[in-house]
Amino acid sequence: MTTTTPSVELSGITKRFPGVVANRDVNIKAQAGHVHAIVGENGAGKSTLMNILYGLLRPDEGTIHVDGREVSFASPSDAIAAGIGMVHQHFKLADNFTVLENVVLGAEPTRGGRLDFEAARQRITEISQRYGLEVETDALVEELGVGDRQRVEILKVLYRGARILILDEPTAVLVPQEVDELFDALRELKGEGLTVIFISHKLDEVLSVADEITVIRRGTTVTTVEDPRSVTARQLAELMVGSELPVPELRESTVQDRVMLTADGLTLTLPDGRTVLSDVTFSIRSGEILGIAGVEGNGQAELVEAVMGVRRPTSGTVHLGGEDVSHWSTRQRREAGLAYIPEDRTRSALLLEAPLWENRMLGHQTMAPNARGPLLNRGGARADTERIVREYDVRTPSIDVAASALSGGNQQKLIVGREMTGEPQVLVAAHPTRGVDVGAQAAIWEHIRNARAAGLAVLLISADLDELIGMSDRLTVIFRGQLVADFDPRQVTPQQLGSAMTGAGEAA
Ligand SMILES: Nc1ncnc2c1ncn2[C@@H]1O[C@H](COP(=O)(O)OP(=O)(O)OP(=O)(O)O)[C@@H](O)[C@H]1O
Ligand SMILES: [Mg+2]
């Protein structure tokens, strides 16, 4: 037991939503100068708890103390005033502004009523040097990679004087080198006496960076591990789930002869002259998973959109099972057996305000069981949504709640379930398990592997190198719109892959 006053103390926090108790008597004490990790399954209540601490939600019961003083936040500005800052999983920067502008946005220093950008620049430089968060203050945010953007988000929070930093799944989008850099920065921050609250589903990372780990299961604190060296990732996962995890099965190849998806010479030049895809060529066979590794922003989003017909390439073709589908619409491609798990679930895969069963029909309105002839079949869609909720373990009070009421990971499970239904021939999967807990991740991998054994061809894009290495039959790296290197997933290490992704080893 520590005797110092915790920097943050959450006591007896309870938060109810219709049909769900998201937090039930949660107790957490985080110390200054420590990284305090919070782990738990999808829907366990982690984000809800952090939204309460950040003033976005009000608890139904319980108290919050900051440095020993009881506080009550009506909004995030109250929390910011109390020294709390939050970096959300989805970055909230304005793309067409500079780093400097983004950091000071909403907290502008003034001199005689005018913006004093020089003072701001100086402070940002000070902060970034102090914590090893190097960024170029005059760069446009849209030109930055994910790792840089995240540093800007953290700078923004520190610029507002935060002493308590909440990071909700900060590493989901980072490559290993960037994760190392982030963790170095976190160590600096705690060295300066800041409190870091860190949420992640990557348990190895949690074990390497955390000083204490609180495990939340179904809304309630199960335990706080005071010494992370005393547990393994597997034990942590079992604490989260409350039972033992199955041991993963070994892979065997299921690759057949028939080519299911071919991209030939895909090139995409934007109106501003930038070439974001350059002569991308590959083919995937029945029963095969082709993994594409890359730092975000190297053309993978455009590649996926070109394959799906969301975006017309400048040149090049897409064949589906031998047929040229280059001029087909997305719907025609879907009807021909192409399934799609998009990168940004809240923007392009879900209607957040619509109930789950309507989301089941999204993009599949013309297909069974959502349609009977030219008519919608609501009963069929509802029954099938119930089945997906069961088979994919979507934690929800019912299929009538809005998709926005699901936790991030549970939204993802619903999308994967929808896309895997109807025996697709080809699956284009961008980050299929992003934000999903370890148990659900294993379950999704199992579903995909079973479909592969039955002949599914998969184009897998992921920032999770363990996922790419563990799932793929072949691996290739995309860098600046080009496929630059092929690897055998049985031989490559995450470090080697990470180097290829950042262009290291590229001849100058
Ligand atoms: N606005 C809301 N309305 C109704 N229910 C909600 C709302 N927000 C969250 N919930 C429910 O509260 C529970 C906890 O959700 P929360 O987002 O806190 O989980 P989480 O631990 O962050 O999960 P994940 O790892 O998937 O992000 C879930 O059952 C979720 O469905
Ligand atoms: Mg969450």
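According to our numbering, the residues represented by the sequence shown are 994 to 1501, in order.
Glycine included, C-beta positions come from ideal geometry on N, C-alpha and C.
Note that the coordinates shown come from a computational prediction; the quantities given were computed from them, not determined experimentally.
Heavy atom of ligand 1 within 7 Å of residue i beta-carbon
{"i": "S1400", "result": "yes"}
{"i": "F1191", "result": "no"}
{"i": "A1015", "result": "yes"}
{"i": "T1207", "result": "no"}
{"i": "S1397", "result": "yes"}
{"i": "N1352", "result": "no"}
{"i": "P1011", "result": "yes"}
{"i": "G1036", "result": "yes"}
{"i": "T1389", "result": "yes"}
{"i": "G1033", "result": "yes"}
{"i": "N1291", "result": "no"}
{"i": "N1363", "result": "no"}
{"i": "N1403", "result": "yes"}
Ligand 2 heavy atom lying under 7 Å from the CB of residue i
{"i": "K1195", "result": "no"}
{"i": "K1039", "result": "yes"}
{"i": "D1430", "result": "no"}
{"i": "D1018", "result": "no"}
{"i": "I1386", "result": "Residue 1386 is actually Asp in this sequence, not Ile. No, the beta carbon of D1386 sits no closer than 7 Å to any heavy atom of ligand 2."}
{"i": "D1337", "result": "no"}
{"i": "D1161", "result": "yes"}
Short Cβ contact (8 Å threshold) for residue i with residue j
{"i": "R1427", "j": "Q1404", "result": "no"}
{"i": "N1016", "j": "I1031", "result": "no"}
{"i": "P1348", "j": "D1393", "result": "yes"}
{"i": "T1378", "j": "V1168", "result": "no"}
{"i": "L1270", "j": "T1255", "result": "no"}
{"i": "V1092", "j": "V1064", "result": "no"}
{"i": "E1219", "j": "A1332", "result": "no"}
{"i": "E1034", "j": "V1234", "result": "yes"}
{"i": "R1388", "j": "G1099", "result": "no"}
{"i": "I1408", "j": "L1343", "result": "yes"}
{"i": "V1096", "j": "V1019", "result": "no"}
{"i": "T1188", "j": "V1001", "result": "yes"}
{"i": "A1230", "j": "G1432", "result": "yes"}
{"i": "V1318", "j": "H1312", "result": "yes"}
{"i": "L1086", "j": "V1014", "result": "no"}
{"i": "G1140", "j": "E1174", "result": "yes"}
{"i": "T1414", "j": "F1275", "result": "no"}
Count the CB pairs spanning the segment 1191-1209 and the segment 1012-1030 that are closer than 8 Å, and state whether there are at least three.
-> Enough Cβ pairs lie closer than 8 Å, so yes.
Where in the segment 1385-1420 do unbroken runs of the beta strand (DSSP E), each at least 3 residues long, occur, reported from the N-terminal end onward?
-> Whole beta strand (DSSP E) segments, 3+ residues: zero.
Starting from the N-terminal side, write out each stretch of the alpha helix (DSSP H) that is 4 residues or longer and does not extend beyond the segment 1076-1158.
-> Entirely contained in the segment 1076-1158, the alpha helix (DSSP H) runs reaching 4 residues are, in chain order, 1092-1097, 1110-1124 and 1139-1152.
Give, in chain order, every unbroken run of the alpha helix (DSSP H) that is at least 4 residues long and sits entirely within the segment 1039-1067.
-> Annotation note: the segment 1039-1067 contains the following uninterrupted alpha helix (DSSP H) runs of length 4 or greater, listed N- to C-terminal: 1039-1046.
Taking three-plus beta-carbon pairs below 8 Å as touching, is the segment 1224-1233 in contact with the segment 1413-1425?
-> Not touching, per the Cβ criterion.
Counting Cβ pairs closer than 8 Å, one from the segment 1145-1164 and one from the segment 1040-1053, do we hit at least three?
-> At 8 Å Cβ cutoff, the stretches touch.
Does the count of Cβ pairs from the segment 1379-1396 and the segment 1331-1351 closer than 8 Å reach three?
-> Touching, per the Cβ criterion.
Could you tell me whether the segment 1454-1469 touches the segment 1269-1284, where touching means 3 or more Cβ pairs closer than 8 Å?
-> A contact exists between the segment 1454-1469 and the segment 1269-1284.
Within the segment 1160-1208, ranges of the beta strand (DSSP E) (whole runs, at least 3 residues) | Secondary structure within the segment 1160-1208: the beta strand (DSSP E) runs of 3 or more consecutive residues, fully enclosed, are 1188-1192 (chain order).
Is the segment 1209-1218 close to the segment 1050-1060, with three or more CB pairs under 8 Å?
-> With a cut-off of 8 Å on Cβ pairs, the segment 1209-1218 is not in contact with the segment 1050-1060, counting fewer than three such pairs.
Between the segment 1470-1478 and the segment 1288-1297, are three or more C-beta pairs nearer than 8 Å?
-> Counting Cβ pairs under 8 Å, three or more are found: they touch.
Tell me the start and end of each unbroken beta strand (DSSP E) in the segment 1275-1352 that is at least 3 residues and wholly inside, in chain order.
-> Listed in chain order, the complete beta strand (DSSP E) runs (minimum 3 residues) inside the segment 1275-1352 are 1282-1286, 1308-1313 and 1331-1334.
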